[in-house]
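A.B. asks: Got a structure here, written out as C-alpha cells. Questions coming.
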Amino acid sequence: MNDFILRNLGVLLLPFIYALFYFFSPHIHKHAYRYEIGALLLVLLVPVLETLFSAQSVVYDRLIVSGHLSLSLFLLVMFAGVLKKKTVLRKPLDRVRGDMAILAFILLLPHAQSRLDLALRGYNSTGLVAFVLFIPLVLTSFMFIRKRMRPASWKLLHKLSYITYFMIYLHLAFIISLQPGNVYILAARHGLVYHLLLLTYLVLRLINVVIPRLNTPAKA
C-alpha cells in the first residue's frame, strides 16, 4: 500500500491541488510572477542548503525531485482543456492554466536533472522527450511572449501538447530501455493508473471537444 501511494503520489495529490487553484485562482493569476520566482528559488536553494548542512529533505525529495508535484500540475493543465467549457469545474482553471504550466515546468527541473544521465543513456528517455517538447510550450505560456505571437501560430505550436501528454503517459506507464544491447519495453508497476487517466482524458476530449466541434455548422 505504501509503495502504491509513493509511486502515484502525483495522482493522489490532484484533488488537493485542484482545490487550491479552484479557490485561489484570482490571487494566483494576479501574483503569478511571485509564485514563479518562489518556485524557482525553492528548486535552486533547497539542494544548496541540503549540501551545506549535509541534510536531506524527505518532503522535497518525495514531492519535487520525484516529479509528483509537477505531475499534479501538468495533469490539471491537461484535463482543464477537456472539461466542458464555461462550467463551474473549468472556469477557474482557464484563468490560471498558463500559470500552472509554468509552475509545473519549474518544479520539474530537479526531477529532470536527477534523471538526465539515465535518459541520455537510453533509459526511459520518453521523459526527456516530453521535457524538451515542454520548453516552447511553457515559454509561450508567458503572456508577454504570447501577445507577440499571432493567435493562429500560438494554437498551432500548442498542438505539441498532445504529443507531450502521450510521452508523459509512456514515461509513467511503461519502462522503456533503448540502451545498446539492452532494449526492452515493460509495463510499469501500478501503470494501470495511467492507462485509466489516458482513457478518461480521451473520453472527455471526445465528449466535450470533438463531438461539439463536429456539430458546429461550418462558417460560410
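So the sequence shown is residues 61 to 280, counted in the working numbering. Idealized CB from N, CA, C, for every residue including glycine. Only a predicted model underlies this, so the values are computations on that prediction, with no experimental measurement involved.
Answer yes if the region 166–184 comes into contact with the region 119–134, meaning at least three C-beta pairs across the two stretches below 8 angstroms, and no otherwise.
C.D. replies: Judged by Cβ distances under 8 angstroms, the region 119–134 makes contact with the region 166–184, as three or more pairs qualify.
A.B. asks: So, is ASN275 buried or exposed, given that buried needs 16 or more other C-beta atoms within 10 angstroms?
C.D. replies: Walking along the sequence shown from the start, residue 275 turns up at place 215. The residue in question, ASN275, is exposed, as its Cβ has fewer than 16 Cβ neighbours within 10 Å.
A.B. asks: Per DSSP, TYR183 is paired with what?
C.D. replies: Indexing the sequence shown from 1 puts residue 183 at position 123. For TYR183, which the question treats as bridged, DSSP gives the partners SER237.
A.B. asks: Taking the C-alpha atoms as reference points, what is the distance between LEU252 and ILE228?
C.D. replies: By 1-based counting over the sequence shown, the position of residue 252 is 192. By 1-based counting over the sequence shown, the position of residue 228 is 168. When rounded, the distance between both Cα atoms is 14 angstroms.
A.B. asks: Could you give the distance in angstroms between the alpha-carbon of SER213 and the alpha-carbon of SER126?
C.D. replies: As a first step, residue 213 must be located in the sequence shown, where it is residue number 153. As a first step, residue 126 must be located in the sequence shown, where it is residue number 66. Taking the straight line from one Cα to the other gives about 34 angstroms.
A.B. asks: Helix or strand or just coil, what does DSSP make of LYS118?
C.D. replies: The sequence position of residue 118 within the sequence shown is 58, counting from 1. The sequence given here has Val at residue 118, not Lys. Helix at VAL118.
A.B. asks: Please work out which residues of its chain come closer than 7 angstroms, Cβ to Cβ, to GLY182, disregarding the five sequence neighbours upstream and downstream, and give them in chain order.
C.D. replies: In the sequence shown, residue 182 corresponds to position 122, counting from 1. Excluding positions up to five away in sequence, the list reads SER237, LEU238 and GLN239.
A.B. asks: Which whole runs of the alpha helix (DSSP H) in the region 125–188 are 4 residues long or more, in chain order?
C.D. replies: With a minimum length of 4 residues, the continuous alpha helix (DSSP H) runs that stay inside the region 125–188 are 128–140 and 151–180.
A.B. asks: Terminal residues of the continuous beta strand (DSSP E) containing VAL243?
C.D. replies: Looking up residue 243 in the sequence shown gives position 183. That run of the beta strand (DSSP E) goes 242–247.
A.B. asks: Looking at C-alpha atoms only, which residue of VAL118, ARG249 and TYR95 is the closest neighbour of ALA161?
C.D. replies: By one-based count along the sequence shown, residue 161 stands at place 101. Residue TYR95 is the option with its Cα nearest to ALA161.
A.B. asks: Report buried or exposed for PRO272, applying the criterion of at least 16 other Cβ atoms within 10 angstroms of its Cβ.
C.D. replies: Locating residue 272 in the sequence shown gives position 212, counting from the first residue. Exposed.
A.B. asks: Count Cβ pairs between the region 83–92 and the region 189–198 that sit closer than 8 angstroms; are there 3 or more?
C.D. replies: No, the region 83–92 does not touch the region 189–198.
A.B. asks: Contact check, PHE234 vs ALA247 under 8 angstroms by CB: the rounded distance?
C.D. replies: Reading the sequence shown from its first residue, position 174 is the one you call residue 234. Reading the sequence shown from its first residue, position 187 is the one you call residue 247. That belief holds up - the Cβ atoms of PHE234 and ALA247 are roughly 6 angstroms apart, short of 8 angstroms.
A.B. asks: Do ARG150 and ALA140 have their C-beta atoms closer together than 9 angstroms?
C.D. replies: Taking the first residue of the sequence shown as position 1, residue 150 is located at position 90. Taking the first residue of the sequence shown as position 1, residue 140 is located at position 80. Closer than 9 angstroms, so yes.
A.B. asks: What residue from PHE134, GLY70 and HIS91 has the CA that sits closest to TYR222's CA?
C.D. replies: For the purposes of this step, residue 222 is taken as the residue at position 162 of the sequence shown. Here the closest residue by C-alpha is PHE134.
A.B. asks: I need the boundaries of the alpha helix (DSSP H) containing ASN275, first residue and last residue.
C.D. replies: Along the sequence shown, one-based indexing puts residue 275 at 215. That run of the alpha helix (DSSP H) goes 271–275.
A.B. asks: Helix, strand or coil, according to DSSP, for ASN68 in the structure here?
C.D. replies: As a position in the sequence shown, residue 68 is number 8, starting the count at 1. Three-state DSSP puts ASN68 in coil, outside helix and strand.
A.B. asks: Do LEU136 and ILE77 have their C-beta atoms within less than 9 angstroms of each other?
C.D. replies: In the sequence shown, residue 136 corresponds to position 76, counting from 1. In the sequence shown, residue 77 corresponds to position 17, counting from 1. Yes, the pair counts as a contact, with Cβ atoms nearer than the cut-off.
A.B. asks: Taking just the CA atoms, how far does LEU123 sit from LEU112?
C.D. replies: Working through the sequence shown from its first residue, we reach residue 112 at position 52. Working through the sequence shown from its first residue, we reach residue 123 at position 63. LEU112 and LEU123: Cα-Cα distance of roughly 21 angstroms.
A.B. asks: Take the Cβ of VAL156 as the centre, count every other Cβ of all protein chains shown within 10 Å, and call the residue buried at 16 or more, exposed below.
C.D. replies: As a first step, residue 156 must be located in the sequence shown, where it is residue number 96. It counts as buried.
A.B. asks: Taking all protein chains shown into account, do 16 or more other C-beta atoms lie within 10 angstroms of the C-beta of ASP177, making it buried, or fewer, making it exposed?
C.D. replies: As a working note, residue 177 is residue 117 in the sequence shown. With fewer than 16 Cβ atoms within 10 Å of its Cβ, ASP177 is classed as exposed.
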